Structures are given as structure tokens and as C-alpha cells.
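Numbering (the numbering used here), first residue to last: 60 to 442.
I have placed the structure first, in the form of C-alpha cells, so that the comments after it can refer back to it.
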Amino acid sequence: MSNNRFLLKTLATVRKHAHGQRLILFLSILSGIFAGLAALAIKNLVFFTKDTLAHLSSGPYQHYLLPVLPAIGILATILFSHGLLKKNVGHGIPMALYAISKNKGKIQPHNMFSSIITSTLTVGFGGSAGLEGPSVVTGAAWGSNIGRLFGVSHKKMILLIACSSAGAMAAIFKAPVAGIVFVLEVLMLELTMASIIPLLLAALSGALVAFLLTGMDVVIPVDIQRGFLVNEVPFFILFGVLAGFLSAYFTKIFKSTEHIFDRIKSRYSRWFIGSMCLAVILFFFPSIYGEGFEAIHSALRGSVDFVFDGNMFNSQNDHSMMMAFFLLIMILFLKIVATSVTFGSGGVGGIFAPSLFMGALLGLLFVLALRYFGIYDLPVDHF
């Protein structure tokens, strides 16, 4: 009871001394901090779960156990969402967009924690999905409910959702500007002087929380060895076209898989079919397991060793470049299928990390192919 009185007294004090723009500036910082903490909680819980399961499943049967783990995680996600919570958790950014366009900026309080749990179960157990979407919707839920707590208007509620989304994205990648650009592009917030300062404060707050709690390391470290050359511009254009075709393929497969699974009425039938498909893919191509940032880091170094790790092709001792090309192509196309069936079977996550995964591997394949056939020697870290 005393805690409730203290909270009500604090709220009354803030409302009394902070009005209009001052209140929004204060709430934008608060939203950025909580969004940053939520994003870090998701990341750390997933890493802890993944490392714990890798340790427990290590041994002679690891190659057979790892493909089964995502099925357990996705089943736990379904049981938590529909059995315990009895609510649809959703997949992240579309939920934030729905709240902005259709629900007056109101996001249910359970989204402040439910995406943390479900994405940890899905991705931590090896589901082929990302954490950026759940991090953003968790942050957006904090911003929405903070706005409701302080009784802000509908327009300011939308701004707080944008602020907390920027704070979450800035915390994930430790890049405040990226958080702001993400909000402007994806959430399509109208950029005005009244909105840019709260967005800056929220993004900086989220990034500072990440720096203070996890140090200066970044998610994707890039060390550019040499500058860009004008005569290489045609290769960048060609690569952009190839990436565009790959993204179109991703969208087509994702939508088609979604329609197929929507026709299956029983969610446990969807889980069984999707989990079995995912297990088969992971059995032959273990590098598709989880988010895939390890593969991205290897690709940035120009290494193809990750495509051979833990799979049946490694036992053949055939690490030729042609075999590496074949495996890279298979992993590229099957990552899309793995992500699609992860969602179709009931998993919760995002598609941002899988998109980065495919972009990095396509860049690696592009550069290595040009080198192998003697066409041109491009810097792999640029692509």
C-alpha cells in the first residue's frame, strides 16, 4: 500500500511540475531507458539460453540433438502464449504499426514482458528468427504504457511509441542515429522539430544504457581495410540488383509459407509440421541455427569455414571452393525457408537478423565467386 501511495505521489509531482514539451522530453528519456533495458534483457537471455543448451547438449550426439531443440522452444512458446498468457503475442513491428494506425497508440501491458519470454524460447532454443522485432515491440509497449500512465494525448502517445522503438533499436546496435532512421522509415513518423528532440533523447538514452551495461563492443564489428574505388561502382550496382532479387524471393517464400500454415487449423499440427521441416534443415545445415550472427562475423572476415562446421559435408574433408559455393547457395535459400517455418509453426521473433544473415552471405558469395573466376578482386568487408 505504501508503495502505491509513493507511486501516486511521484506521478502527481511530475504532472504538476512538468507540462507540455517538458513532460514529453522527460518521458522520452524514460521510454528510451526502459526500451534499452528490455532490448538488452532479450539479447542476454537468448545468449544465456543458447550457451546453456549448447553446453548441455555437447557430446557425441550433439549433431542429432541441436535440430530437435527448436521444436521444444517453439512448443514452449505456444504453451506460454496460448496456454498460460491466453493472448496472441505477435511478431513485433507489425504490432507497433497496428497500435499506431488502428488502436490509438495503445499496446497491451503484457507486451512489456511477453515478447521477452517468447522470443527467448524461440530463438534461444535455435529457432531461425531475429530479436530486433521483439525488442522493438517490447520497447514500444513500454512507451505506450508510460504514456497511458501519465495521461498523455493520442498524438504524444504515438511519439512515445516512436521514441521507445528508437531507444530499443539504438540499444541493440549501439547506434542512436540508426534508431532514429529506423523509426522514420519503418514507423513513418512525421519528422518535426517537436518530434526530433524527443527521438534524439530516447535513442541516446537507449544507446547509453547499452554502453554502460555491456561495454563498447558492437553487434557487427566491421574493419574496413581499404577505401572505395570509383571503378568498383558497377559491382555495387550489380550486387544491389542481386540483393533485390533475393529479398523478393524472401518475401514470396515467407508469404507463401504463411498461407500454407494458415490453412492448418490445429496449432499443434502447425507446430509439428514446421518443427520437423526446421529440424531436417538444421540437421544438414547447422549454420542456419538461431540468429546467425556467428556466420555474419565469419563472412565479414571472408571465411567460409562456418558452412562446413558440424554438418555431414565436413566429414568428407572436401573443403574445396566449389563445395563452399554450393553450401553457401543452399544456406542462403534454406535460411529463408527455415525462418518462414519458424514463424509458421508458432515461433516468435523478427526477420531483421535473417535479412542481415542473407545479405552478408550473399556478399561473401559474390566476392568469392568473382575472385575464383578471376574477374575482379573485391574487398569482402565492403560487400
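The beta carbon of each residue, even a glycine, is placed where N, CA and C say it ideally should be.
It should be emphasised that the depicted structure is a prediction, and the values quoted were computed from it without experimental measurement.
Of all the options A269, S414, F344 and I347, which has the alpha carbon lying nearest to the alpha carbon of F309?
Position 250 of the sequence shown, counting from 1, holds the residue named residue 309. Per the Cα distances, S414.
Assign Y123 to buried or exposed, taking buried as 16 or more other Cβ atoms, counted over all protein chains shown, within 10 Å of its Cβ.
Counted from its first residue, the sequence shown places residue 123 at position 64. Classification of Y123: exposed, given that the 10 Å Cβ count is below 16.
Since I believe T136 is in contact with G405 (beta carbons under 8 angstroms), could you give me their beta-carbon distance rounded to a whole number of angstroms?
As a working note, residue 405 is residue 346 in the sequence shown. As a working note, residue 136 is residue 77 in the sequence shown. About 6 angstroms separates the two Cβ atoms, so the contact holds.
According to the neighbour-count rule (16 or more other Cβ atoms, all chains shown, within 10 Å of its Cβ), is S160 buried or exposed?
Counting from 1 along the sequence shown, the entry for residue 160 is found at position 101. Classification for S160: exposed.
Inspect the beta-carbon positions of I312 and S203 and report whether they are closer than 8 angstroms.
Translated into the one-based positions of the sequence shown, residue 312 becomes position 253. Translated into the one-based positions of the sequence shown, residue 203 becomes position 144. Contact check for I312 against S203 fails: the beta carbons are separated by 8 angstroms or more.
Under 8 angstroms between C-beta atoms of A227 and T273
The residue labelled residue 227 in the question sits at position 168 within the sequence shown. The residue labelled residue 273 in the question sits at position 214 within the sequence shown. It is not a contact, given that the beta carbons lie outside the stated cut-off.
8 angstroms is my cut-off, CB to CB: does N170 come that close to chain D?
No chain D is present in this structure, which holds just one protein chain.
Quick one: measure Cβ to Cβ for A261 and G91, integer angstroms, because I've assumed they're closer than 8 angstroms.
Start at 1 with the first residue of the sequence shown, and residue 261 comes out as number 202. Start at 1 with the first residue of the sequence shown, and residue 91 comes out as number 32. Rounded, the Cβ-Cβ distance is 3 angstroms, consistent with contact.
Given a cut-off of 8 angstroms on the beta-carbon distance, is the pair A221 and L259 in contact?
Indexing the sequence shown from 1 puts residue 221 at position 162. Indexing the sequence shown from 1 puts residue 259 at position 200. Cβ distance not < 8 angstroms, so A221 and L259 don't count as in contact.
Sufficient close CB pairs (3 or more, under 8 angstroms) joining the segment 325-339 to the segment 132-147:
Judged by Cβ distances under 8 angstroms, the segment 325-339 makes contact with the segment 132-147, as three or more pairs qualify.
D364 versus K314: straight-line alpha-carbon distance, rounded:
The residue labelled residue 364 in the question sits at position 305 within the sequence shown. The residue labelled residue 314 in the question sits at position 255 within the sequence shown. Using only the alpha carbons, I get a separation of about 32 angstroms.
Determine, using beta carbons only, whether L427 and Y435 come nearer to each other than 8 angstroms.
For the purposes of this step, residue 427 is identified with residue 368 of the sequence shown, where counting begins at 1. For the purposes of this step, residue 435 is identified with residue 376 of the sequence shown, where counting begins at 1. The answer is no: Cβ separation not under 8 angstroms.
So, do the segment 268-282 and the segment 226-242 have three or more beta carbon pairs nearer to each other than 8 angstroms?
In this structure the segment 268-282 lies against the segment 226-242, because at least three pairs of beta carbons, one per stretch, are closer than 8 angstroms.
Between the alpha carbons of Y157 and M216, how many angstroms are there, rounded?
As a working mapping, residue 157 is identified with position 98 in the sequence shown. As a working mapping, residue 216 is identified with position 157 in the sequence shown. Taking the straight line joining both Cα atoms gives about 14 angstroms.
First and last residue of the uninterrupted alpha helix (DSSP H) at V396
For the purposes of this step, residue 396 is identified with residue 337 of the sequence shown, where counting begins at 1. Bounds of the alpha helix (DSSP H) holding V396 are M380 to G403.
Identity of the residue in H141, F93, L125 and I101 nearest R326 by Cα:
Counting from 1 along the sequence shown, the entry for residue 326 is found at position 267. R326 has its Cα closest to that of H141, out of H141, F93, L125 and I101.
Following the continuous alpha helix (DSSP H) through F172, name the residue where it begins and the one where it ends.
In the sequence shown, the residue the question calls residue 172 occupies position 113. No alpha helix (DSSP H) holds F172; DSSP gives it neither H nor E.
Return helix, strand or coil for G142, following the three-state DSSP convention.
The sequence position of residue 142 within the sequence shown is 83, counting from 1. Here G142 sits in helix by DSSP.
Quick check on DSSP: helix, strand or coil for G206?
For the purposes of this step, residue 206 is taken as residue 147 along the sequence shown, with counting starting at 1. Looking at G206 - three-state DSSP - the assignment turns out to be helix.
Helix, strand or coil for G409 per DSSP?
Translated into the one-based positions of the sequence shown, residue 409 becomes position 350. G409 falls in the strand class under three-state DSSP.
Where are the alpha helix (DSSP H) runs, 4 residues long or more, that stay fully inside the segment 196-284, in chain order?
213-232, 235-241 and 252-273
So what does DSSP say about G349, is it helix, strand or coil?
Working through the sequence shown from its first residue, we reach residue 349 at position 290. Here G349 sits in coil by DSSP.
Does the distance from the C-beta atom of A358 to that of L420 stay below 8 angstroms?
One-based indexing of the sequence shown puts residue 358 at position 299. One-based indexing of the sequence shown puts residue 420 at position 361. Taking a C-beta distance under 8 angstroms as the contact criterion, A358 and L420 qualify as a contact pair.
If L144 and H169 are in contact, beta carbons under 8 angstroms, what's the gap, nearest whole angstrom?
On the sequence shown, position 85 is the one that residue 144 refers to. On the sequence shown, position 110 is the one that residue 169 refers to. Indeed, because the Cβ distance is near 6 angstroms, the residues count as touching under 8 angstroms.
Determine the DSSP secondary structure at G189, reduced to helix, strand or coil.
Position 130 of the sequence shown, counted from the start, is the residue given in the question as residue 189. DSSP places G189 in strand when its eight states are reduced to three.
Quick one: give me the first and last residue of the alpha helix (DSSP H) that K311 is part of.
Taking the first residue of the sequence shown as position 1, residue 311 is located at position 252. Note, K311: alpha helix (DSSP H), V292 to D321.
Alpha carbons only, please: which of S194, F425 and I340 is nearest the one belonging to L297?
Position 238 of the sequence shown, counting from 1, holds the residue named residue 297. Checking every option, the nearest Cα to that of L297 belongs to F425.
Using a Cβ-Cβ cutoff of less than 6 angstroms, which residues in the same chain neighbour G422 once the five nearest sequence positions on both sides are dropped?
Walking along the sequence shown from the start, residue 422 turns up at place 363. If we look at G422 and ignore the five residues flanking it on each side, its Cβ neighbours are F442.
Is the beta carbon of I347 closer than 8 angstroms to that of S187?
In the sequence shown, counting from the first residue as 1, residue 187 sits at position 128. In the sequence shown, counting from the first residue as 1, residue 347 sits at position 288. Contact flag set, yes.
Please report the straight-line C-alpha distance between V127 and K324, rounded to a whole angstrom.
Along the sequence shown, one-based indexing puts residue 127 at 68. Along the sequence shown, one-based indexing puts residue 324 at 265. Their Cα atoms are separated by approximately 23 angstroms.
What is the DSSP secondary structure of G286, reduced to helix, strand or coil?
For the purposes of this step, residue 286 is identified with residue 227 of the sequence shown, where counting begins at 1. If DSSP states are grouped into helix, strand and coil, G286 belongs with coil.
Excluding five sequence neighbours on each side, which residues of the same chain lie with their C-beta closer than 7 angstroms to the C-beta of F344?
As a working note, residue 344 is residue 285 in the sequence shown. Only N370, M389, I390 and L393 meet the Cβ criterion.
Let me check understanding here. Comparing Cα to Cα, which of M380, V407, P438 and P257 lies closest to F432?
Locating residue 432 in the sequence shown gives position 373, counting from the first residue. Residue M380 is the option with its Cα nearest to F432.
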